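Right, one structure below, let's go through it.
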Amino acid sequence: MYGSIRSELNEKLAAIRSEGLYKDERVLSGPQGSLIRVSDGKEVLNFCANNYL
6 MYGSIRSELN EKLAAIRSEG LYKDERVLSG PQGSLIRVSD GKEVLNFCAN
56 NYL
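Every letter in the sequence shown is one number past the one before it in our numbering, and letter 51, counting from 1, is 56.
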């Protein structure tokens, strides 16, 4: 049913990845603050972003 649009979207997504423009979102595994722990267990600085746009 969605074969043609799915194919087109996969091609566009592949192009975005190959251009280095794809961003994997990190999943937080604890409360949000200046230091956060992500799903792989690493502790990183949280600079925040408005990624909803």
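The beta-carbon is built from N, C-alpha and C at its ideal position, and this holds for glycine as well.
Keep in mind it's a predicted model, so treat the numbers as computed, not measured.
Could you give the DSSP three-state label for L14: helix, strand or coil?
helix
Restricting to Cα atoms, I'd like to know which of R31, S44 and E13 is closest to F52.
R31
Run through DSSP, which three-state label would R42 get?
strand
I need the boundaries of the beta strand (DSSP E) containing E48, first residue and last residue.
E48 to L50
Mind checking whether S34 and L50 have CB atoms under 8 angstroms apart?
no
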